[in-house]
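Below: one structure, written as structure tokens.
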Amino acid sequence: MTIVWSDWILLLVRWLHIVTAIAWIGTSFYFIWLDKSLRQRQGLAPGIIGDSWSVHGGGFYQVQKYTVAPAELPPELHWFKYEAYFTWLSGFALLAIMYYWGAESFLIDPERMAFSPLPAIAISVAFLAGGWLGYDLLCRSPLGQHTGSLASGVFVLIVFSAWALTQLFSDRAA
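Here the working numbering is used: the first residue of the sequence shown is 1178, the next is one more, and so on.
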């Protein structure tokens, strides 16, 4: 019996991606709720725009939101950034394992474009970087000042990218 390690690695990375994405989305929902539940109360220190009281598991919590960082921060400060980082990293690992490691099977369609794996992977990475750069430029342009215009620009960028990628890669990879 042969163990196909690539399938097991792919399965583990998929689950890592799903779990970290759920944590990231949950954190985002928590902070949306927290921002909406903030209340102005008398006696709040200067620089605090509101606080929220909650109860969970028998414990009471009071969260205060500052307009800017206080002059002195505690030595232990919890950052809610790792959920996003691990979602991004596991997603890129998933892309690399699925489409780059098995480029001949999943990325390249020889009937569309006869690539060898390295140029196909380079074009794929260039599209990712170009998409990020294009999105960033759209956001910084005058279109970024108006939500509707920005949404239209992003839509055009996505449609063009989808069309271009279907000319180069397999349907699944595009």
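Positions of the beta carbon are idealized from the N, C-alpha and C atoms, including for glycine.
Considering only DSSP beta bridges, list what residue 1349 is partnered with.
The sequence position of residue 1349 within the sequence shown is 172, counting from 1. Answer is none; residue 1349 lacks a bridge partner.
Return the bridge partner residues of residue 1236 from the DSSP annotation.
The residue given as residue 1236 occupies position 59 in the sequence shown. Paired residue(s): 1233.
Would you mind stating whether residue 1331 and residue 1315 have Cβ atoms separated by less than 8 Å?
One-based indexing of the sequence shown puts residue 1331 at position 154. One-based indexing of the sequence shown puts residue 1315 at position 138. Contact flag set, yes.
So which of 1240, 1282, 1349, 1285 has the shortest CA-CA distance to residue 1210?
To locate residue 1210, count along the sequence shown from 1; it is residue 33. Of the candidates 1240, 1282, 1349, 1285, the one whose C-alpha sits nearest the C-alpha of residue 1210 is 1240.
To the nearest whole angstrom, what separates the beta carbons of residue 1231 and residue 1216, a pair I think is in contact under 8 Å?
Start at 1 with the first residue of the sequence shown, and residue 1231 comes out as number 54. Start at 1 with the first residue of the sequence shown, and residue 1216 comes out as number 39. Actually they do not touch by this definition, with Cβ atoms about 12 Å apart.
Within the chosen definition, does the region 1181-1194 reach the region 1265-1273 through at least 3 CB pairs nearer than 8 Å?
yes
Can you check which of these residues, 1260, 1256, 1223, 1237, is closest to residue 1248 by C-alpha distance?
Taking the sequence shown and counting its residues from 1, one reaches residue 1248 at position 71. Taking only the C-alpha atoms, the option nearest residue 1248 is 1223.
For residue 1306, count the other beta carbons within 10 Å of its own beta carbon; 16 or more makes it buried, fewer makes it exposed. Which is it?
Translated into the one-based positions of the sequence shown, residue 1306 becomes position 129. Burial call: exposed.
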